[in-house]
Amino acid sequence: MRKACRNLWHWLPVAVAIGTYACASHADAATCSVTSSSGVDFGGYDPLSGTPMNGVATVQVTCDKNATVTLSISGQSGFGNRKMTGASDVLNYQLYTDTTRQTIWGDGTGGTQTMTLNLKDNPRVGLFTIYGQVPGGQDVSVGAYNAMLIMTLSF
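Read left to right, the sequence shown gives residues -29 to -1, 1 to 126 (mature numbering (1 follows the signal peptide of the UniProt record, and there is no 0)).
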């Protein structure tokens, strides 16, 4: 049986507030949860530089039984250019499934892709790696920028 769970995450340029959310399911189905994560660290952004800022985050998932786990990401600003908002400006960024930052991580619509892991045998632990990028050349004010995303763990 497949069950979807949602957990609202606030992504900040330096850190991410992560919660653990387990799905309650039938006795024969797996229970999976986010057991650890790291924040996306883009470093200090220089608006005068044309160089993009890259960051990486990880999300670890643990299941009590064998499961195929899919992680999708959606949010308020869509997929074209995700946006972090500051006090007076907006900073564009994007999340990708690959190190080359070519495939946008999304919900599988609009040219985006989800990521899937097959968790078998003990330990049933999988690690999703999220590759982020802030394009260079954005003229923004100094300050903190954040965005709201919804990550859906399906299994």
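Idealized CB from N, CA, C, for every residue including glycine. A quick note: this is a predicted structure, and the numbers were derived from the prediction, not measured.
| Can you check whether the CB of GLN31 is closer than 7 Å to the CB of LEU98? | Mapped onto the sequence shown, residue 98 falls at position 127. Mapped onto the sequence shown, residue 31 falls at position 60. Against a cut-off of 7 Å, the Cβ pair of GLN31 and LEU98 comes out as a contact.
| field | Reduced DSSP secondary structure (H/G/I, E/B, other) of GLY43 | value | Mapped onto the sequence shown, residue 43 falls at position 72. Reading the sequence as shown, one finds Ser at residue 43 and not Gly. Strand, per DSSP.
| message | Residues in the same chain with beta-carbon distance under 6 Å from ASP110, minus the five sequence neighbours each way, listed in chain order, please. | response | The residue given as residue 110 occupies position 139 in the sequence shown. Answer for ASP110: PRO18, listed in chain order.
| field | Candidates THR123, PRO106, MET122 and PHE126, of which the one nearest GLY14 by Cα | value | For the purposes of this step, residue 14 is identified with residue 43 of the sequence shown, where counting begins at 1. Cα-wise, what sits closest to GLY14 is PRO106.
| said: Which residue wins for smallest C-alpha separation from GLY114, given the options THR100, THR22, ASP60 and VAL11? | reply: Translated into the one-based positions of the sequence shown, residue 114 becomes position 143. It is ASP60.
| field | Where SER59 falls: helix, strand or coil (DSSP) | value | As a position in the sequence shown, residue 59 is number 88, starting the count at 1. Of the three classes helix, strand and coil, the one that applies to SER59 here is coil, per DSSP.
| request: Could you pull out every residue in the same chain whose Cβ sits closer than 6 Å to the Cβ of GLY57, ignoring the five residues on either side in sequence? | output: On the sequence shown, residue 57 is found 86 positions in, with the first residue counted as 1. Taken in chain order, the residues that qualify are GLY114 and TYR116.
| field | chain B contact for ALA58 (CB, 7 Å cutoff) | value | Structure shown: chain B not included; a single protein chain is present.
| field | Residues that DSSP places opposite TYR67 in a beta bridge | value | Mapped onto the sequence shown, residue 67 falls at position 96. Its beta-bridge partners are ILE75 and TYR102.
| request: Compute the Euclidean distance between the alpha carbons of ILE121 and SER45, then round it to the nearest angstrom. | output: As a position in the sequence shown, residue 121 is number 150, starting the count at 1. As a position in the sequence shown, residue 45 is number 74, starting the count at 1. Each residue's alpha carbon lies about 5 Å from the other.
| Name the DSSP bridge partner or partners of LYS91? | Here residue 91 corresponds to residue number 120 of the sequence shown, with the count starting at 1. None; LYS91 has no bridge partner.
| query | Nearest to GLY79 by CA position, among SER43, ASP12, ASN25 and PHE126, is which residue? | reply | Mapped onto the sequence shown, residue 79 falls at position 108. Among SER43, ASP12, ASN25 and PHE126, the Cα nearest to that of GLY79 is on SER43.
| said: Considering only the alpha carbon of each residue, which of THR2, GLY103, PHE126 and CYS3 lies closest to LYS54? | reply: Residue mapping note: residue 54 aligns to position 83 of the sequence shown, counting from 1. If we check each option's Cα against that of LYS54, GLY103 comes out closest.
| task | Using three-state DSSP, classify LYS54 as helix, strand or coil. | result | Counted from its first residue, the sequence shown places residue 54 at position 83. In this structure, LYS54 counts as strand in the three-state DSSP scheme.
| message | Quick check on DSSP: helix, strand or coil for GLY81? | response | For this step, residue 81 is matched to residue 110 along the sequence shown. It is coil, neither helix nor strand.
| task | Buried or exposed for ILE33, please, with buried defined as at least 16 other CB atoms from any protein chain shown within 10 angstroms of its CB. | result | Position 62 of the sequence shown, counted from the first residue, corresponds to residue 33. According to the sequence provided, residue 33 is Thr. The question's Ile does not apply to it. Buried.
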